[in-house]
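Chains as they are written, first to last, in the working numbering: chain A, 3 to 224; chain B, 15 to 295.
For each residue, glycine too, the CB sits at the ideal point set by N, CA and C.
The structure presented is a predicted model; accordingly, all values stated were derived computationally and were not measured.
Okay, structure first, notes after.
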Amino acid sequence: MGPLAIIAIVLACAAVAGVAGRLVKVSALFTLPIAISVVLVSVFTRAGTTVLFTIGPFDATLEGVEFAAQTVVRLFAISTAISLFGMTTDPRAFVLDLERRGLSPRFAFVAAATVEAVPAMAARAATIAAAQRSRGLDTEGSVLARARGFLPLIVPVVLSSLTEVEERSLALEVRAFGRPGRRHLLWAPGDRSWERILRWGLAVVLALLVVARVAGIVPGTA
Amino acid sequence: MSGAATRPIGREPAIRVRGLVHVFPEGTRALDGVDLDIATGEAVAIVGQNGSGKSTLVRHLNGLLRPTEGTVEVLGEPADRLRVAALAARVGLVFQDPDRQIFARRVRPEVAFGPSNLGIRGKDLDAAVDEALAAVGLSDQAGANPYDLGYSRRKLLSIASVLAMRTPIVVLDEPTTGQDLRGIARVQAIVASLAADGRTVIAISHDMRFVAETFGRVVVMRAGRVVLEGTPAAAFGEPAWPVLTSTYLEPPLAARAGARLGLGATPTESAFVEALAAGRS
Numbered sequence: 003m004g005p006l007a008i009i010a011i012v013l014a015c016a017a018v019a020g021v022a023g024r025l026v027k028v029s030a031l032f033t034l035p036i037a038i039s040v041v042l043v044s045v046f047t048r049a050g051t052t053v054l055f056t057i058g059p060f061d062a063t064l065e066g067v068e069f070a071a072q073t074v075v076r077l078f079a080i081s082t083a084i085s086l087f088g089m090t091t092d093p094r095a096f097v098l099d100l101e102r103r104g105l106s107p108r109f110a111f112v113a114a115a116t117v118e119a120v121p122a123m124a125a126r127a128a129t130i131a132a133a134q135r136s137r138g139l140d141t142e143g144s145v146l147a148r149a150r151g152f153l154p155l156i157v158p159v160v161l162s163s164l165t166e167v168e169e170r171s172l173a174l175e176v177r178a179f180g181r182p183g184r185r186h187l188l189w190a191p192g193d194r195s196w197e198r199i200l201r202w203g204l205a206v207v208l209a210l211l212v213v214a215r216v217a218g219i220v221p222g223t224a
Numbered sequence: 015m016s017g018a019a020t021r022p023i024g025r026e027p028a029i030r031v032r033g034l035v036h037v038f039p040e041g042t043r044a045l046d047g048v049d050l051d052i053a054t055g056e057a058v059a060i061v062g063q064n065g066s067g068k069s070t071l072v073r074h075l076n077g078l079l080r081p082t083e084g085t086v087e088v089l090g091e092p093a094d095r096l097r098v099a100a101l102a103a104r105v106g107l108v109f110q111d112p113d114r115q116i117f118a119r120r121v122r123p124e125v126a127f128g129p130s131n132l133g134i135r136g137k138d139l140d141a142a143v144d145e146a147l148a149a150v151g152l153s154d155q156a157g158a159n160p161y162d163l164g165y166s167r168r169k170l171l172s173i174a175s176v177l178a179m180r181t182p183i184v185v186l187d188e189p190t191t192g193q194d195l196r197g198i199a200r201v202q203a204i205v206a207s208l209a210a211d212g213r214t215v216i217a218i219s220h221d222m223r224f225v226a227e228t229f230g231r232v233v234v235m236r237a238g239r240v241v242l243e244g245t246p247a248a249a250f251g252e253p254a255w256p257v258l259t260s261t262y263l264e265p266p267l268a269a270r271a272g273a274r275l276g277l278g279a280t281p282t283e284s285a286f287v288e289a290l291a292a293g294r295s
């Protein structure tokens with residue numbers, strides 16, 4: 003019941019945030035590839051007494067189906083929780099808040115730059131793809147044609163990313179980024195009292211659940 | 015001069031754009047009803063402030079973008095019926111940033127990439143590459159690593175890589191960015207040579223001096239529309255200045271100096287000198 007409860011809570015939060023539909027879609031996309039392999043492996047290889055059907059040398063067992071269902075639900079629960087965090091949290095605000103709480107500025111920058119680099123790299127990759135398609139690279143044709151286009155697409159993405167990282171680090175250093183000492187943050191996200199209560203409350207619940215699980219009070223199945 | 019599509023007389027249109035509207039998925043209306051004809055062999059500059067729709071317009075010419083409304087015809091055929099890979103044989107588009115396309119470890123295979131994609135092989139391919147490298151002045155760098163070249167030479171390399179495709183239409187996006195005077199002169203010579211060969215050249219530029227000195231027609235865009243078009247003399251003449259100002263563009267110095275001295279339309283330095291000499295004699 004645990005993973006199902008988590009999914010229900012996460013979906014309720016997502017509905018409040020107005021991202022429920024997108025969350026389900028994204029989480030399903032993240033879960034699907036692993037879910038397919040889990041289902042195939044579990045259903046046909048897990049030992050069990052109730053055989054549902056047979057394909058060649060493989061028996062599909064009821065126990066395998068149950069295990070696959072439990073695993074997929076757990077994966078989906080993890081995926082929805084992580085996706086909800088990603089969809090509703092401004093990465094810059096998150097990292098700045100961590101920095102305010104004592105995280106190294108260098109580590110904070112690396113974390114923020116990594117998160118922010120993803121959309122920037124996607125935009126750069128789109129421009130590079132457009133430039134190569136303009137030179138006749140066929141990205142809409144056969145699999146072989148697309149495979150031929152891998153190198154002309156990936157090399158400029160990597161090289162321009164490396165150049166940008168170097169330029170960015172130089173730009174930071176010339177603005178005294180490496181200077182030791184405490185920083186004054188120009189802006190930090192708000193932290194209201196109910197948010198603090200909720201955060202600490204969740205931490206306590208998590209601790210209690212871990213204790214209950216270790217003590218055997220809460221069973222470890224879905 | 016303003017708004018309506020120009021219909022060059024006596025020449026087949028290489029490009030025919032009608033009522034072109036493009037709305038990006040996030041809702042930005044980048045093009046808002048563009049009508050434009052460009053004749054075969056014409057050299058046309060498209061100017062306008064950032065975000066005016068210049069790049070969006072040229073990306074419709076080789077199918078990278080598809081119209082939300084309206085039509086684009088390339089050499090008499092609707093562009094939306096052709097894939098980008100097929101349109102690449104008709105329209106060569108040089109992107110602004112050379113580092114967004116260079117991938118080969120040597121200059122020669124980088125230039126050969128486009129024409130080989132179009133099916134050019136053997137001696138024809140060698141000739142196309144040699145010709146393109148010579149046009150941009152990089153013949154002696156054929157074996158060099160592109161990233162050992164300076165930015166301006168990488169920019170010329172990106173132009174060569176499209177010239178080698180021998181497309182009847184060549185589009186240059188900001189070809190003079192990062193170029194010194196020698197590089198700008200090289201680009202001017204390339205445009206003149208292409209036009210002399212009967213190929214159509216379209217360039218996006220913020221360099222008004224380069225535009226006035228190099229192109230036969232200037233198309234001014236603002237907020238996704240063509241707001242002015244004509245010869246450099248007309249586009250940079252004093253009557254057009256309010257429109258240029260509204261697009262945050264400044265006429266070239268020769269045009270401004272000529273107007274202040276009462277010499278009439280002098281978009282180029284040679285026109286200015288001639289008008290000045292005629293005024294003295």
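Among the bridge pairs identified by DSSP, A190 (chain A) is matched with none. Straight-line spacing of the CA atoms in F46 (chain A) and V75 (chain A) works out to 18 Å. Judged by beta-carbon spacing, R32 (chain B) lies within the 8 Å limit of D49 (chain B), meaning their Cβ atoms are closer than that value. The residue from B:D194, B:L195, B:A217 and B:R196 with its alpha-carbon nearest to that of V205 (chain B) is B:A217.
Between F55 (chain A) and L34 (chain A), the alpha-carbon positions lie close to 23 Å from each other.
Secondary structure remark: continuous alpha helix (DSSP H) runs of at least 4 residues inside the segment 110-167 of chain B, in chain order: 121-131 and 136-150.
Contacts with chain A (Cβ-Cβ distance below 9 Å) from the segment 151-165 of chain B involve Y161, listed in chain order. V176 (chain B) has a beta carbon lying within less than 8 Å of a beta carbon in chain A. For P158 (chain A), the enclosing alpha helix (DSSP H) starts and ends at F152 to E175. Put simply, the CB of S163 (chain A) is far from chain B, with every gap to its CB atoms at 8 Å or more. Of all residues in the segment 163-178 of chain A, only T165 come within less than 8 Å of chain B when Cβ atoms are compared, listed by chain position. The three-state secondary structure of P107 (chain A), taken from DSSP, is helix.
Only those residues of the segment 60-79 of chain B whose C-beta falls short of 8 Å from the nearest C-beta of chain A are listed: R73, N76 and L78.
Residues of chain A with a Cβ closer than 7 Å to the Cβ of G128 (chain B) are, in chain order, R137 and G138. Between G183 (chain A) and M179 (chain B), the CB-CB gap reaches or exceeds 8 Å. The Cβ of R213 (chain B) sits no closer than 8 Å to any Cβ of chain A.
Nearest to R274 (chain B) by C-alpha distance, out of B:P253, B:S260, B:V257 and B:T261, is B:P253.
Residues of chain A whose Cβ lies closer than 9 Å to the Cβ of V143 (chain B) do not exist; the shortest such Cβ separation is about 13 Å. Taking the Cα positions, I183 (chain B) is about 27 Å away from L163 (chain B).
B:P265 is the residue among B:L195, B:P265 and B:E87 whose C-alpha sits nearest the C-alpha of H220 (chain B). In terms of Cα proximity to A118 (chain B), the closest of A:V145, A:L155 and A:A110 is A:L155.
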